[in-house]
Amino acid sequence: MIEFQDVHKAYGHHEVLKGINAKVNPGEVVCIIGPSGSGKSTMLRCINGLETYQKGRIIVDGATVGQSAKSLSQVRDSVAMVFQRFNLFPHRTVIQNVVEGSIYVKKENRATAEERGYGLLKKVGMIDKANAYPQQLSGGQQQRVAIARALALQPRAILFDEPTSALDPELVGDVLRVMRDLATGGLTMAIVTHEIAFAREVADRVLFIDGGVIVEEGFSKEMLTHPKEPRTQDFLHRVLNPID
37 MIEFQDVHKA
47 YGHHEVLKGI
57 NAKVNPGEVV
67 CIIGPSGSGK
77 STMLRCINGL
87 ETYQKGRIIV
97 DGATVGQSAK
107 SLSQVRDSVA
117 MVFQRFNLFP
127 HRTVIQNVVE
137 GSIYVKKENR
147 ATAEERGYGL
157 LKKVGMIDKA
167 NAYPQQLSGG
177 QQQRVAIARA
187 LALQPRAILF
197 DEPTSALDPE
207 LVGDVLRVMR
217 DLATGGLTMA
227 IVTHEIAFAR
237 EVADRVLFID
247 GGVIVEEGFS
257 KEMLTHPKEP
267 RTQDFLHRVL
277 NPID
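My numbering puts the first residue of the sequence shown at 37, with every later residue one more than the last.
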């Protein structure tokens, strides 16, 4: 579904991705972990063309990202993204936010889009807030609306860029529960996260990236319990034991 082939990305003289090779298979959940500044979010943003890369190839559902405007449009039809900070339209209600892309980008009939939209709001536990505005919602509620908005586009895969990092701790669980349900439903997902327990439970595989290279990858329960690389071991120890 998603493949990186020797992908390099630099900002000026600062190389952020240094030859990334990775795959996300259809129906697979892959979590990407690593320290701040390691290239995790850049890797994700390159998938749907929010960032350009200078060398290598990224292939999404058969289309090469960045090859042409047509291929980028094809990629964005296949892949939706959920950001750290929700990015909801403040002047539109929850249901309007959810159906916006379906109506104005995919040219779907409003009645059909709204019927699906209400169903998705029910799925993420936000049906009672359909007519509220974003400023009337908590951060966790806004993030669940953002997930419903991504699902409304009927993507083949969803990218999550640290979806709980901007939330108060007591709101994280509601968002992770929604994502856990999506994972069990067979949706292809690539997730940048610091939630190690969530990654261990939900992900099929985990990639650990540091300094722009993939240091280690493997099946989630095995790698997060018994990492082989010293750098991975050190990172997980620091994340799981922050006061040591």
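For glycine and all other residues, C-beta sits at the position ideal for the given N, C-alpha and C. It should be emphasised that the depicted structure is a prediction, and the values quoted were computed from it without experimental measurement.
Helix, strand or coil for residue i? Go by DSSP, reduced to three states.
i, result
"Met37", "coil"
"His262", "coil"
"Glu87", "coil"
"Asp164", "helix"
"Val60", "strand"
"Lys106", "helix"
"Arg281", "Examination of residue 281 is not possible in this model, given that the chain is present from 37 through 280 alone."
"Ser201", "coil"
"Glu136", "helix"
"Ile131", "helix"
"Ala239", "coil"
"Arg216", "helix"
"Ile232", "helix"
"Phe125", "coil"
Can you list, in chain order, the residues of its chain whose CB lies under 6 Å from that of residue i, leaving out five sequence neighbours each side?
i, result
"His127", "none"
"Ala182", "Val118 and Phe122"
"Glu39", "Lys59 and Ile95"
Using a Cβ-Cβ cutoff of less than 8 Å, which residues in the same chain neighbour residue i once the five nearest sequence positions on both sides are dropped?
i, result
"Phe271", "Ile69, Gly70, Pro71, Phe244 and Asp246"
"Gln178", "Phe122, Leu124 and Pro170"
"Ser107", "Ala99, Thr100 and Val101"
"Gly85", "Val101, Gly102, Leu108, Val111 and Arg112"
"Met215", "Ile183, Phe196, Pro199, Met225, Ile227, Phe234 and Val238"
In the DSSP assignment, what residue or residues form a beta bridge with residue i?
i, result
"Ala116", "Ile194"
"Ala226", "Val66 and Leu195"
"Phe244", "Ile69 and Glu252"
"His44", "Lys54 and Lys91"
"Val96", "Ile38 and Ala99"
Going by the beta-carbon positions, is the gap between residue i and residue j smaller than 9 Å?
i, j, result
"Leu223", "Gly63", "yes"
"Leu195", "Ala116", "yes"
"Val141", "Pro199", "no"
"Asp197", "Leu80", "yes"
"Gly17", "Leu203", "An answer regarding residue 17 cannot be provided, because it is not within the stretch 37 to 280 covered by the chain."
"Ser114", "Ala193", "yes"
"Cys67", "Thr229", "yes"
"Val292", "Arg180", "One cannot answer for residue 292 here, as it falls past the ends of the chain, which runs 37 to 280."
"Ala235", "Leu260", "yes"
"Glu231", "Val208", "yes"
"Gly153", "Ser138", "yes"
"Ala186", "Ala149", "no"
"Lys159", "Asp240", "no"
In chain order, what residues of the same chain have a beta carbon less than 7 Å from the beta carbon of residue i, not counting five sequence neighbours either side?
i, result
"Ala51", "A small fix is needed here, since residue 51 is Glu in this sequence, not Ala. Correct list, in chain order: His44 and Gly248."
"Lys76", "Ile68, Gly70, Val228 and Ile245"
"Ile56", "Phe40, Val43, Met79 and Ile250"
"Ala46", "Val52 and Gln90"
Indicate whether the contact test is met: 3 or more Cβ pairs, each with one atom in the segment 163-173 and one in the segment 118-134, closer than 8 Å. Between the segment 163-173 and the segment 118-134 there are three or more inter-stretch CB-CB distances shorter than 8 Å, so the stretches are counted as touching.
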